[in-house]
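Protein chains in written order, with the numbering used here: chain A, 24 to 316; chain B, 309 to 715.
For glycine and all other residues, C-beta sits at the position ideal for the given N, C-alpha and C.
Read the structure below first, then the notes.
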Amino acid sequence: MATLNQLVIGASIGAVLLLIALGLTFTFGQMGVINMAHGEFIMAGAYTAYLLQPLVGTQSVLVALPVAFAVAGVLGLILERLAIRHFYGRPLDTLLLTWGISLILQQVARDIFGAPNVQVRAPGWLTGGLDLGGVRLPYNRVFIMVLAVGCVVAIWLYLTRMRHGRRMRAVMQNRQLAAVSGVATERVDQLTFFIGSGLAGVAGVALTLIGPVGPTLGTNYIVDAFLVVVAGGLGQLRGAVIAAFALGILNSFVEFWVDNGASFAKVVVFAVIIAFLQLRPQGMFVVRTRALS
Amino acid sequence: MPRGVRKPLVMAVAAALLLSATGCAEDPTAASGAGSGSTIKVGILHSLSGTMAISEVTVRDAELLAIEEINAAGGVLGKKIEPVVEDGASDWPTFAEKAQKLISQDKVATVFGGWTSASRKAMLPVFERNKALLWYPVQYEGLESSPYIFYTGATTNQQIVPGLDYLKEQGKKSIFLVGSDYVFPRTANKIIKAYAAANGMTVLGEEYTPLGHTEYSTVVNKLQQAKPDAVFNTLNGDSNVAFFKQLRSSGITAAAMPTVSVSVAEEEVVGIGPENVAGHLVAWNYYQTTSGARNDTFVKAFKGKYGAAKVTSDPMEAGYNAVYLWAESVKKAGSVEVEAVKKASAGISLETPEGTVTIDGENQHVFKTARIGLVQPDGQIKEVWNSGKPIKPDPYLKGYPWATGLS
């Protein structure tokens, strides 16, 4: 029964990983921008939920989902317009730039909201959990899993069924060809960055249910998010989903089987990813294109 | 020369003489350099950025309040205290660097600072090398007694041991240890295991997670499997928020499996969410609800300066006390010179928000009253037990037979 419980825990860790990595599959995976400030968009989403709390009461988590998407998206758009677009094609410079911006954003949050953690109250229907014959399913974990699956489905529909989404994929697969076919690639970049950052905001709201809400919220998760995207294959939604759940479940079992396993599980996850990337440097899935880059 | 010109000249000479005269008079106190001028400089060195800022900013606030109060009452040795605030940035080498800067560049009389044991361990050699003073305001794992550090927080026999005594008194036979993976929890748990072995308690498990860890469902699952009577929690910082939220959503209640935390105070309860941690136990020496007129004025002054929504907590109070204890020692020594202050400090006793604290000259720790508290749904902590009188600090646990071989 403990093992079954651990499987559920692994799946819920996977859902959290997936949520925080989804936005990165856009900005990092599709555009190749190493955005170290992605974690701070997650933080912005969490603080959005906190700010909405006095206005809309205990249901703030629900209201906050779309609002945080917009807030983090706009922040991302501003960042892209003001800074990142001048650094396209220069990954190392982008990394340093966005890392600096992430430190600035953290300190801004600290100055506005104070250094101590703040509390986002979960709605009553999210406290407690379901008991399925000894396997415990906390409602907030179920909510995060449903939210992660919902986001994946929405993104998938967007990328495959909608004109904007198809253009986004076209730009990602072959920028020059898309441009000569009449796609306004700069507009597409902006939109991609908006959606990618917005998804970070959504993840931030979800994280208020299980963890601390403070200025360093984003940094707690940013490395994991990059790991998922790299292991899954750049820009691959399918890869991100599989990688997130695989890493989540691996992590939960190693931690459970080994005494004092939290640190050890991290080591194992890193080792597995390194070994895996030795075998498949492109990650699980690779887009085959005829682009020369 | 017309008279009108000569007069200012005479006055200028007189003024110059007067100035040099007062300068001479001040000379003895100016030995460390900090006493020159009309102020005494002191360093405040806490993490104002990074992961520890959550806790340390509040201690800085409390220390600045104490300085302000002492200055309003006339300062020390007729001079105002001038704080020089530096940011340790949650980075241990930075703490050592800034400590050196405060000592050699700002020539401060003393430094109030630090929170994590790692930051204290980084600063210790700097203060010992420079023969400068550090006042460290946080409960810690003991087994240390530097001649250049004053410890105003609890050592283990004033917090952890009373916490264990309380659990034993409540009939708890088995415990599970959960902590962050660094020097404080590891050392604390060594002490706890020695206590348990000597007192017929079983330790069912011991789990450490990296600092800043936020995924506790597996640890909670292990707790569910092990079913201990109580959990001893030495997690630090943000991790507590994740731990208590996830503990609660797993359906474990405080009544079925209470936790005793040694790093969760009023400030942390706000971030965790009182409803997530209500009913659990904490071990400290001070709570905002501690009764007494001295605490009432402290809480009122703190809220007056920083806002009515602010809470006061044990490390803040210990930082606040540190400033007062230093000021008292300086007054008694008649100088800010380090060796004189150290010598004068022994036996100094003050009425503080937590009650009477006295500096133990032997080890530069303070006598403190241990208090076990129960977290209330409103976020305040209600005292359920106290040691009755201030406990003599025993950083090396020499007075406890079961602790031989630990240090």
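Sequence-distant Cβ neighbours of phenylalanine 551 of chain B in its own chain, meaning closer than 6 Å and more than five residues away, are Tyr524, Leu543. Nearest neighbour of alanine 504 of chain B by Cα position, chosen from B/Gly479, B/Tyr490, B/Tyr516, B/Thr517, turns out to be B/Gly479. By the beta-carbon neighbour count (other beta carbons within 10 angstroms, threshold 16), isoleucine 135 of chain A is exposed. By DSSP's assignment, alanine 538 of chain B forms a beta bridge with B/Ile483.
Using a Cβ-Cβ cut-off of 8 Å, alanine 550 of chain B counts as an interface residue toward chain A, since at least one Cβ of chain A sits closer than that to its own. In the displayed model, asparagine 379 of chain B falls within a helix according to three-state DSSP. Separation of the CB atoms of glutamine 142 of chain A and glycine 600 of chain B is rounded to 29 Å, and the pair is thereby denied contact status at 8 Å. A contact is defined here as three or more CB-CB pairs under 8 Å, and the region 65-75 of chain A fails this definition with respect to the region 200-219 of chain A. Against chain A, the CB of aspartate 686 of chain B has no partner CB under 8 Å away; the residue lies outside that interface. Around the CB of aspartate 247 of chain A, 16 or more other CB atoms lie within 10 Å, so the residue is classed as buried. From the listed residues B/Ile375, B/Arg437, B/Leu373, B/Leu353, the smallest Cα separation to threonine 402 of chain B is found for B/Leu353.
Around the beta carbon of phenylalanine 293 of chain A, fewer than 16 other beta carbons lie within 10 angstroms, which makes this residue exposed. Among the residues facing chain B, valine 141 of chain A is included, as its CB has a counterpart in that chain under 8 Å away. Contact annotation, phenylalanine 484 of chain B with leucine 519 of chain B: C-beta distance approximately 20 Å; criterion of less than 8 Å not satisfied. Proximity of chain B to asparagine 28 of chain A at the Cβ level (cut-off 7 Å) is accounted for by Asn529, in chain order.
By the criterion of a C-beta distance shorter than 7 Å, alanine 407 of chain B is surrounded in its chain by Leu353, Val419, Met431, Val434, Phe435, once the five residues flanking it on both sides are discounted. For proline 536 of chain B, no chain A residue has a C-beta closer than 8 Å to its own C-beta; the minimum C-beta separation is roughly 15 Å. Of the residues A/Ile32, A/Arg303, A/Gly33, A/Met54, the one whose Cα lies closest to the Cα of phenylalanine 217 of chain A is A/Met54. Residue pairing from DSSP leaves isoleucine 36 of chain A without any beta-bridge partner.
In this model, isoleucine 667 of chain B and valine 578 of chain B are separated by some 32 Å (Cα to Cα). For glycine 581 of chain B, the C-beta contacts it makes with chain A under 7 Å involve Gln142, Arg144, in order along the chain. Under the DSSP assignment, glutamate 515 of chain B falls in the beta strand (DSSP E) whose first and last residues are 510-517. From the listed residues A/Val97, A/Val194, A/Leu41, the smallest Cα separation to serine 220 of chain A is found for A/Val97. In the structure shown, isoleucine 411 of chain B adopts helical secondary structure according to DSSP, grouped into three states. At a cut-off of 8 Å, the C-beta of glutamine 213 of chain A has no neighbouring C-beta in chain B. Under the three-state reduction of DSSP output, arginine 198 of chain A falls in the helix class. Distance from glycine 271 of chain A to leucine 40 of chain A at the Cβ level is roughly 5 Å; contact confirmed, criterion being Cβ atoms closer than 8 Å.
By the rule that beta-carbons nearer than 8 Å mark a contact, glycine 559 of chain B touches chain A. Scanning the region 516-596 of chain B for uninterrupted beta strand (DSSP E) segments of 3 residues or longer gives 538-542, 567-569, 589-592, listed from N- to C-terminal end. In this structure, DSSP gives phenylalanine 216 of chain A a helical state, which the three-state scheme calls helix.
Cβ neighbours of glutamate 364 of chain B within its own chain (closer than 6 Å, five residues either side excluded): His354, Ser355, Trp423. Between asparagine 465 of chain B and isoleucine 699 of chain B the beta-carbon gap is near 6 Å, inside 8 Å, which marks them as a contact. Going by C-alpha positions, threonine 567 of chain B is about 18 Å away from aspartate 489 of chain B. For the region 564-577 of chain B, residues whose beta-carbon sits nearer than 8 Å to a beta-carbon of chain A comprise Glu575, Glu576. For lysine 651 of chain B, the enclosing alpha helix (DSSP H) has its first and last residue at 646-653. Contact between serine 275 of chain A and glutamine 29 of chain A holds, with the beta-carbon distance rounding to 5 Å and staying under 8 Å.
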